[in-house]
Each structure stands twice: as C-alpha cells, then as structure tokens.
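Colleague:
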Amino acid sequence: MPNAFPLLFSPLEIRGTEFRNRIFFSGHGTRLADGAPGDELIAYHAARAKGGAALIVTEAVGIHETSYYVGRTMSARSDDCIPAFRALTKAVQGHGCKLIGQLFHAGREMATTRDGNVPLTFSASAVPNERFRLVSRPMPKAGKRFKDSSPE
Numbered sequence: 338m339p340n341a342f343p344l345l346f347s348p349l350e351i352r353g354t355e356f357r358n359r360i361f362f363s364g365h366g367t368r369l370a371d372g373a374p375g376d377e378l379i380a381y382h383a384a385r386a387k388g389g390a391a392l393i394v395t396e397a398v399g400i401h402e403t404s405y406y407v408g409r410t411m412s413a414r415s416d417d418c419i420p421a422f423r424a425l426t427k428a429v430q431g432h433g434c435k436l437i438g439q440l441f442h443a444g445r446e447m448a449t450t451r452d453g454n455v456p457l458t459f460s461a462s463a464v465p466n467e468r469f470r471l472v473s474r475p476m477p478k479a480g481k482r483f484k485d486s487s488p489e
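Here the sequence shown is numbered in the numbering used here, starting from 338 and rising by one per residue.
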C-alpha cells in the first residue's frame with residue numbers, strides 16, 4: 338500500500354527554521370499546570386517530542402495577573418516562571434523538537450477568579466459579554482495599576 342502522506346516525515350524549512358518533519362502539535366488545554374509548568378506538564382510535552390513531534394505549541398499562557406481564565410491556567414506573570422519554562426524548553430528540545438509559547442490574555446472572556454468570585458475583566462471598551470454575563474472595563478493606560486480601573 339503506498340504511503341498516503343509521503344512528505345509527513347520529511348524535513349521542512351519555514352523562514353530559516355528547519356523542522357525535522359511536518360508533525361506539529363497544536364496548543365490545547367491540558368489542565369496539567371496551575372501557574373508555571375511543573376513536572377507533569379513537562380513530561381507530557383517531552384513524551385510528544387520523543388514520539389516524533391517536530392513542533393509543539395503550548396497551551397495558553399497568561400501574561401498578566403488579570404489573564405486568569407479558568408482553573409489550572411498556565412501563567413508567565415513574573416520572572417519567577419523562567420526556570421520552569423526553561424526546563425520545559427530543554428525537555429522538548431532534547432528530542433529535536435521546537436517549542437512555541439502561546440501568550441494569552443482572557444480580556445472579557447473570564448469565567449472565574451482563583452477564589453471563585455466574579456472577575457474584574459478588561460477589554461478595549463465596556464462591551465457586555467453575554468457568555469459570562471460580565472461588562473468589561475476599558476484597559477487602563479500604560480503605567481496605571483489595573484486595580485485602579487476607572488475609565489480615562
């Protein structure tokens with residue numbers, strides 16, 4: 338039987354970056370991290386890299402303290418996360434796989450806060466969100482604390 342995907346295992350170059358094959362693992366929620374990547378999430382991605390993936394895109398990584406979306410969200414809100422992300426990268430690259438971090442902010446699409454309260458959400462403007470029944474506040478200008486969320 339002929340190979341239905343003759344190029345699948347051949348190298349691919351995209352804008353100067355070479356991938357060992359064309360197996361790309363898209364980002365998806367694993368619920369294996371609550372904050373920085375831990376041993377369980379690192380092992381999960383290392384197994385996919387060892388199994389042949391050429392590229393892994395991480396699940397959404399919150400980049401601000403207001404970017405919490407649902408329980409067990411991976412985050413990179415301070416430099417404290419650097420060693421954990423370095424360990425994830427090293428584990429994946431050790432199998433010849435590339436890694437892309439998917440940076441994320443929930444904007445007005447927040448379901449809960451860490452303590453279960455109704456979240457304070459930010460967006461470009463105060464537009465109601467029918468899904469979560471929230472009204473966002475306009476994001477404050479740079480340099481202004483997010484807790485002081487009065488419109489400017």
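Each residue gets a CB set at the ideal place from its N, CA and C atoms; glycine is no exception.
Would you call the region 408 to 420 in contact with the region 366 to 380, where contact means no fewer than 3 C-beta pairs closer than 8 angstroms?
Modeller: yes
Colleague: Between the alpha carbons of Cys434 and Ser460, how many angstroms are there, rounded?
Modeller: Translated into the one-based positions of the sequence shown, residue 434 becomes position 97. Translated into the one-based positions of the sequence shown, residue 460 becomes position 123. Each residue's alpha carbon lies about 35 angstroms from the other.
Colleague: Going straight from the alpha carbon of Phe342 to that of Ala443, what length do you get?
Modeller: In the sequence shown, the residue the question calls residue 342 occupies position 5. In the sequence shown, the residue the question calls residue 443 occupies position 106. Taking the straight line joining both Cα atoms gives about 37 angstroms.
Colleague: So what does DSSP say about Ile437, is it helix, strand or coil?
Modeller: What you label residue 437 is simply residue 100 of the sequence shown in a count that begins at 1. Three-state DSSP puts Ile437 in a strand.
Colleague: Quick one: what does DSSP say Phe422 is sitting in, helix, strand or coil?
Modeller: Position 85 of the sequence shown, counted from the first residue, corresponds to residue 422. Phe422: helix per DSSP, three-state reduction.
Colleague: Can you tell me whether Asp485 is buried or exposed? The criterion is at least 16 other CB atoms within 10 Å of its CB, across all chains shown.
Modeller: Within the sequence shown, the letter at position 148 stands for residue 485. Low confidence applies here, because Asp485 scores a pLDDT of 42, under 50, leaving its location unreliable and the question unanswered by this model.
Colleague: Could you tell me the alpha carbon to alpha carbon distance between Leu345 and Arg385, rounded to whole angstroms?
Modeller: As a position in the sequence shown, residue 345 is number 8, starting the count at 1. As a position in the sequence shown, residue 385 is number 48, starting the count at 1. If I take the Cα positions, the gap works out to 16 angstroms.
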